[in-house]
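Under our numbering, the residues of the sequence shown are numbered 1 to 99, in order.
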Amino acid sequence: MKEIRVSIHRGTPGNGFIQNYTVEASDGMSVMDVLKKIYMEQDQTLAYFSHEACHQKACGKCLIKLNGRVCLACGEPVKDDVLEIAPWKDDIVRDLICR
Ligand code: FES
């Protein structure tokens with residue numbers, strides 16, 4: 001277990017803000033696991049794409065920008081102690097959900 005800091009770019013078009021969270025991360029966690037943990041334990045207002053039947057880089061819908069790089073949240077292992085997570089493109093609906 002290690003404590004990581006997670007900054008998430010949130011909001012709606014024209015009303016963006018950054019929210020910071022601290023998460024206890026364990027070995028083998030994906031960035032999707034981190035988002036789910038935040039949602040389940042800290043903040044159920046966080047909007048992100050989750051496909052319980054996938055979570056294995058199959059559907060391609062959980063795209064995010066992680067530390068400036070576009071990737072699939074479910075296929076991205078947590079490697080750093082600081083994660084900056086943003087929508088993968090500018091056309092957002094809310095938080096990490098894009099059109
Ligand atoms: S949940 Fe399907 S690719 Fe990530």
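Think of the CB as a built atom: it goes at the ideal place given N, C-alpha and C, for glycine as much as any other residue.
Give me, in chain order, the residues of the same chain whose beta-carbon lies closer than 7 angstroms to that of S26; leave out the 5 immediate sequence neighbours on both sides.
Locating residue 26 in the sequence shown gives position 26, where the first residue counts as 1. Closer than 7 angstroms at Cβ, skipping near neighbours: M1.
What does A86 pair with, by DSSP beta-bridge criteria?
Within the sequence shown, residue 86 is the residue found at index 86, counting from 1. Paired residues: K65.
State the Cα-Cα distance for the pair K57 and D80, rounded to the nearest angstrom.
Here residue 57 refers to the residue found at position 57 of the sequence shown. Here residue 80 refers to the residue found at position 80 of the sequence shown. One C-alpha to the other measures close to 20 angstroms.
Can you tell me whether H9 sits near the ligand FES, meaning its C-beta is under 7 angstroms from at least one heavy atom of the ligand?
Along the sequence shown, one-based indexing puts residue 9 at 9. Flag unset: Cβ of H9 not near the ligand FES.
With a threshold of 7 angstroms (Cβ to nearest heavy atom), would C71 be considered close to the ligand FES?
As a working note, residue 71 is residue 71 in the sequence shown. Not so, every heavy atom of the ligand FES lies at least 7 angstroms from the Cβ.
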